[in-house]
Amino acid sequence: MRHATLRQFKVFESIARLRSVTRAAEELHLTQPTVSIQLKQLSEIVGLPLLEQVGKKLYLTDAGQELLKVCQTMFDNLARFEMVVSDFKGTKAGRLRLSVITTAQYFIPRLLGRFFERYPGIEVSLEVTNRGKVLQRLSDNADDLYVLGQPPEHMDVRAEAFLDNPLVVVAPHEHPLALERNITLPRLAQEFFLIREPGSGTRLAAENHFKDHGLALKVRMELGSNEAIKLAVAGGLGLAVLSAHTLALEKNSDEITVLDVQGFPIRRQWYVLRPADKQLSVVAQTFLDFMLTESQAMARSYLPQIPAFMPPASGIKVKAPSKSKPQRSP
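The numbering of the sequence shown is the numbering used here, which starts it at 4 and goes up by one.
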């Protein structure tokens, strides 16, 4: 193995993680033939096949699975060493890998902007996707930190609440309920709702909130993004439950409005997660500390500006949902 190169290890790790030579070539900015040649050379050095193709899918062999563990440990250690050296030099430099659910895109870039001002030498890889894919990346240990609205109950993780995530009800600006105050939940349940795809944290929270009161959501349409839901609400297709963060810098303020509903906003929080046994790099720990200390102040700058949104009397600080586990889940 002493004849193998770091480049070959990186090519293999990318193919093994993505299960695709084509996608690995795109990620590494290499041609597909170059990636295939590097993989072949590494397999010859090992003396055993590392991948096998069944139909159109790639699978790791036993040797490939063991080598992937070695590669992940090696690259984590190299990244950690690079960041430690930067720390010795009195600077913060290195690479930070984040995976966040789509709703987090409304505040994570703001937080990163402030972070870059303080630590301009840090590079960030940001993956924005749905909850299912974030959980898959968490399972694969593909990133440093992960942001979700609700920690998973089936994974051994460390989860820390860092930002309030109030859920509000939105309606078309000309909707009859727009001028009413203290709307009851049974009245609201008479309306049609637009919701996210199954598995969405916001959808689960809304459905559970209605269920706890013996009610059910009347679903008119499922949509794959918050932006699509807001446009559909503005078009008069129904009401929706959305994170208040999605309304920040809202361009459709003349078309949609936040309703005054009993029991709303639903008080939830955003969580930053990592595998329970994961040792964070210097950069990841620096960003985690930054999130925990700076995010609430950032949210105070725009959440109270949302029409009809009333923060708790003590400020926007709220306690975590009772079912969430702040440290390790079962």
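Built from N, CA and C at the ideal position, the CB exists for glycine as well.
What's the gap between the Cα of residue i and the Cα of residue j?
i: Val171; j: Ser246; result: 6 Å
i: Arg271; j: Glu258; result: 26 Å
i: Gly202; j: Arg140; result: 16 Å
i: Ala279; j: Ala243; result: 35 Å
i: Lys72; j: Leu99; result: 20 Å
i: Phe213; j: Leu115; result: 35 Å
i: Val127; j: Pro189; result: 46 Å
i: Pro169; j: Gln35; result: 46 Å
i: Phe12; j: Met77; result: 9 Å
i: Leu33; j: Asp143; result: 23 Å
i: Val285; j: Glu183; result: 51 Å
i: Arg206; j: Asp215; result: 14 Å
i: Arg83; j: His178; result: 54 Å
i: Lys59; j: Val275; result: 35 Å
i: Leu218; j: Phe119; result: 46 Å
i: His157; j: Ala27; result: 29 Å
i: Glu29; j: Leu191; result: 48 Å
i: Val88; j: Leu9; result: 20 Å
i: Ala311; j: Val173; result: Residue placement at Ala311 is flagged as unreliable, the pLDDT there being 43, under the threshold of 50; a coordinate-derived value is accordingly withheld.
i: Leu138; j: Pro155; result: 8 Å
i: Ala251; j: Gln68; result: 44 Å
i: Trp273; j: Ala162; result: 10 Å
i: Arg22; j: Arg223; result: 37 Å
i: Leu197; j: Gln56; result: 41 Å
i: Leu81; j: Glu225; result: 44 Å
i: Pro123; j: Glu85; result: 16 Å
i: Glu200; j: Gln299; result: 28 Å
Report the residue from the options whose alpha carbon sits nearest the alpha carbon of residue i.
i: Leu45; options: Ile18, Lys60, His248; result: Ile18
i: Asn229; options: Leu70, Cys74, Ser102, Ala107; result: Ala107
i: Gly227; options: Ile104, Gly97, Arg83, Phe78; result: Ile104
i: Lys221; options: Gln193, Asp215, His248; result: Gln193
i: Val49; options: Thr64, Ala145, Thr37; result: Thr64
i: Tyr109; options: His248, Ala300, Phe290; result: His248
i: Thr260; options: Tyr274, Gly241, Phe78, Trp273; result: Gly241
i: Gln153; options: Glu183, Gly204, His6, Leu197; result: Gly204
i: Pro268; options: Arg83, Arg26, Ala209, Gly239; result: Ala209
i: Arg97; options: Ala237, Gln68, Ile125, Val14; result: One detail in the question is off: residue 97 reads as Gly in this sequence, not Arg. Cα-wise, what sits closest to Gly97 is Ile125.
i: Met4; options: Ile111, Arg22, Glu47, Arg121; result: Glu47
i: Phe290; options: Arg121, Arg10, Asp167; result: Arg121
i: Phe195; options: Asp146, His176, Arg26, Gly239; result: Gly239
i: His176; options: Ala237, Arg223, Arg10; result: Ala237
i: Asp167; options: Val150, Val173, Ala174, Thr37; result: Val150
i: Lys281; options: Arg199, Ala145, Ile198, Gln299; result: Ala145
Would you check if the distance between the CB atom of residue i and the CB atom of residue j is smaller than 8 Å?
i: Ala287; j: Leu148; result: yes
i: Leu51; j: Ala66; result: yes
i: Leu295; j: Phe165; result: yes
i: Ala54; j: Tyr62; result: What sits at residue 54 in the sequence shown is Leu, not Ala. For Leu54 and Tyr62, yes; Cβs fall inside 8 Å.
i: Val160; j: Arg20; result: no
i: Glu297; j: Arg117; result: yes
Leaving out five residues on either side along the sequence, give the residues of the same chain with a beta carbon under 7 Å from the beta carbon of residue i.
i: Ile186; result: Leu180, Leu262, Asp263, Val264, Gln265
i: Ala7; result: Leu45, Ile48
i: Val14; result: Ala27, Leu31, Val38, Gln41, Leu42
If I measure Cβ to Cβ from residue i and keep anything under 6 Å in the same chain, skipping five residues before and after, which residues do I get?
i: Glu2; result: No statement about residue 2 is possible, as the shown extent of the chain runs from 4 to 333 and does not include it.
i: Leu129; result: Leu101
i: Phe293; result: Phe118
Among residues of its own chain, excluding the 5 on either side of residue i, which ones have a beta-carbon nearer than 8 Å to its beta-carbon?
i: Ala39; result: Looking at the sequence shown, residue 39 is not Ala but Ser. For Ser39, where only same-chain residues beyond five positions count, the Cβ hits under 8 Å are Val24.
The stretch 134 to 149 / the stretch 225 to 233 touching (three or more Cβ pairs under 8 Å): no
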